[in-house]
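Read through the structure below, which is laid out as structure tokens, and then see the notes.
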Amino acid sequence: MKGSTIVASLAATVFVFASGAVYAQSQQGSGQQGGGQQGSGQQQMQQQQQRQAERAMSQDRAMDQQRMQTRERTQDREQAQTQTQTQASKGAGEGIYGGNLMTVQERNQYRAELGGLQNEQQRKEYEARHREQMQLRAKERGIEPEVTTD
């Protein structure tokens, strides 16, 4: 759409210049009296057409810029939503080691904290600490830790 608008604007500009050149040549070749007045009027008309073509091109550029800004804002918003959803879902699909030893509230807190971590190394460290805690809890209770997905 952008390319066709630019091509149309350029074509209109070329047409204006070409029609002015053809008219000027016909006036020179005819040798008419009063050609200076007609030429002056034609020159004004060409200038007006040129200004109109320039205005149209300027408006097209402004519209294109608005479309690009809107597209960038939309992409930024979508990217932020995806990132938020990704962080919130980290740890939710893999299951929780020792989940059978935790309350629902503890499992939810685990998922939230794991999802809020910034990189894979932090998540691995968090999971290792959690595993140690669950092994101690399992030993105290005499129960084997299980990976749960609930």
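Just so we're aligned, residue -11 is where the sequence shown starts under the working numbering, counting upward by one. Virtual Cβ for every residue (Gly too), placed ideally from N, Cα, C.
Starting from residue i and walking both ways along the alpha helix (DSSP H), at which residues does that stretch end?
i	result
L124	108 to 129
E94	92 to 104
From residue i to residue j, what does the alpha carbon distance come to, in whole angstroms?
i	j	result
R49	I(-6)	8 Å
Q40	Q54	21 Å
R95	D52	49 Å
G87	V135	6 Å
R129	A116	20 Å
G83	D138	8 Å
R43	Q57	21 Å
R61	Q106	24 Å
Please go through the same chain and pick out, in chain order, the residues whose beta-carbon is closer than 7 Å to the beta-carbon of residue i, but skip the five residues on each side of it.
i	result
M122	Y85, G86, L89, P133
Is residue i buried or exposed, if buried means 16 or more other CB atoms sit within 10 Å of its CB?
i	result
L102	buried
Q67	exposed
Leaving aside the five residues before and after residue i along the sequence, list all residues of the same chain whose C-beta is less than 6 Å from its C-beta, in chain order.
i	result
R125	L89
K127	none
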